[in-house]
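Asker: Residues -18 to -1, 1 to 269 in mature numbering (1 follows the signal peptide of the UniProt record, and there is no 0) are what the sequence shown spells out, letter by letter.
Note that the Cβ used here is the ideal one computed from N, Cα and C, for glycine as well.
Okay, here's the structure, questions in a sec.
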Amino acid sequence: MHFASPLLLVSLIQYVLSYDNFLGFNTPQVNEDRTIDEIYASGRPLEVDTIILQALQDYPRWDAQGALLRYAPNNHLKVLAPFRHTHAAYYGFSMNAWSTVWNAQKLENPPREWPDFLKPEYEDKIVLTHPSDDDATAYIFYLVMQQYGPEWFDGLLANNPRWSVTFTASIGLRASGNLNASFPAEGLFVSWPRSVAIFKDAPHPEASKLIAHFLLDDAFQNNLTQWSARKDIAAPDGYPGILDMDATNSAEYVRFMSDRSRVEALRMLFEDRIGMPQGPSPLVDDL
């Protein structure tokens, strides 16, 4: 399988491994370091079949350019209406929602609301993804600052957080070992549908259709640790449905991502305050 998104490679590999185990395949993994637009601009044949992107704003543009195959797999109509394209050019299969994660052996009373992160007891104990490293991360900071004002960010910096270049995984909605997760009840958090699309010029279109079926299949859906994008799959651990969570608006994510001027202005703001992300690029490290 040809991956076109190295930054999401860790999370994408889990889908390939699940797919292989389900069907008895042994899919080779090829990592692509060019963007899809660069591949098209090169004039060479497209090597990517299926794409799963965090940059949801690219899907409508590619569909308008006629680059996506409009194909509805089984259970497509069970996907919540805000998360599926009317003509099945792209559709969500699971939700990605970023939570606060803490080590229960280290913290008895973890921060649950965004103002909690400003408490003196958390000084030098907070690790955060650098907000200009990732647009979705910038969106979290944008939402918090819209609600609590720019002085919230000033207070956060006073607690000397450690800035990580990127992240590789989350624990979903369930506790994992010593790690627990929570979402704010009074503040807002970021969520969006992990969405899949097939390119019209995909070199292996039938295989692409097969993985689209797999991602919406009951066997895969019932093992998700996050919310499903399907309306008939219950959330783990008794959580309400994603559309019933008052603290998030999953459909708003793509509108934020589509406003590139606002996203770039945020990036410049954060880099002015805390500098550029430091450390090896996830495109070249050996993790």
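1) So residue 181 and residue 49 are in contact, right, with Cβ under 8 Å, and what is the actual spacing, rounded?
2) Give, in chain order, every unbroken run of the alpha helix (DSSP H) that is at least 4 residues long and sits entirely within the segment 190 to 263.
3) Do you know offhand how far residue 235's Cα is from residue 125's?
4) Give every residue of the same chain whose Cβ lies closer than 8 Å to the Cβ of residue 184, excluding the five residues on either side of it in the sequence, and list them in chain order.
5) Pick out whichever of 121, 26 and 133 has its Cα sitting closest to the Cα of residue 247.
6) Using a threshold of 7 Å, is the CB atom of residue 83 nearer than that to any non-hydrogen atom of the ligand COA?
7) For residue 202 and residue 136, what's the separation of their Cα atoms in angstroms?
8) Alpha carbon to alpha carbon, how far is residue 163 from residue 81?
9) Three-state secondary structure (DSSP) at residue 21?
10) Going by DSSP in three states, residue -7 sits in which element: helix, strand or coil?
11) What's the call for residue 250, buried or exposed, on a 16-neighbour Cβ count within 10 Å?
12) Give the straight-line distance between the Cα atoms of residue 79 and residue 173, rounded to the nearest whole angstrom.
13) Are residue 108 and residue 66 close, meaning C-beta to C-beta below 8 Å?
Answerer: In terms of the structure at hand:
1) In the sequence shown, counting from the first residue as 1, residue 181 sits at position 199. In the sequence shown, counting from the first residue as 1, residue 49 sits at position 67. Residue 181 to residue 49, Cβ: 6 Å. Contact.
2) 200 to 203, 234 to 240 and 242 to 256
3) Locating residue 235 in the sequence shown gives position 253, where the first residue counts as 1. Locating residue 125 in the sequence shown gives position 143, where the first residue counts as 1. Computed Cα separation, rounded: 11 Å.
4) Working through the sequence shown from its first residue, we reach residue 184 at position 202. Closer than 8 Å at Cβ, skipping near neighbours: 28, 30, 31, 32, 51 and 190.
5) Here residue 247 refers to the residue found at position 265 of the sequence shown. Closest option to residue 247, Cα to Cα, is 121.
6) Here there are no bound small molecules, and the ligand COA is not part of this structure.
7) Start at 1 with the first residue of the sequence shown, and residue 202 comes out as number 220. Start at 1 with the first residue of the sequence shown, and residue 136 comes out as number 154. In a straight line, the C-alpha of residue 202 is about 43 Å away from that of residue 136.
8) The residue you call residue 163 lines up with position 181 of the sequence shown. The residue you call residue 81 lines up with position 99 of the sequence shown. Approximately 6 Å, taken between the alpha carbons.
9) Counting from 1 along the sequence shown, the entry for residue 21 is found at position 39. Helix.
10) As a first step, residue -7 is located in the sequence shown; it is residue number 12 there, counting from the start. The pLDDT assigned to residue -7 is 48, lower than 50, so where the model puts this residue is not dependable; a value taken from the coordinates is nonetheless given after this. It is helical.
11) By 1-based counting over the sequence shown, the position of residue 250 is 268. Its Cβ having fewer than 16 others within 10 Å, residue 250 is exposed.
12) Locating residue 79 in the sequence shown gives position 97, where the first residue counts as 1. Locating residue 173 in the sequence shown gives position 191, where the first residue counts as 1. Using only the alpha carbons, I get a separation of about 4 Å.
13) Position 126 of the sequence shown holds residue 108. Position 84 of the sequence shown holds residue 66. No, the pair does not count as a contact, with Cβ atoms beyond the cut-off.
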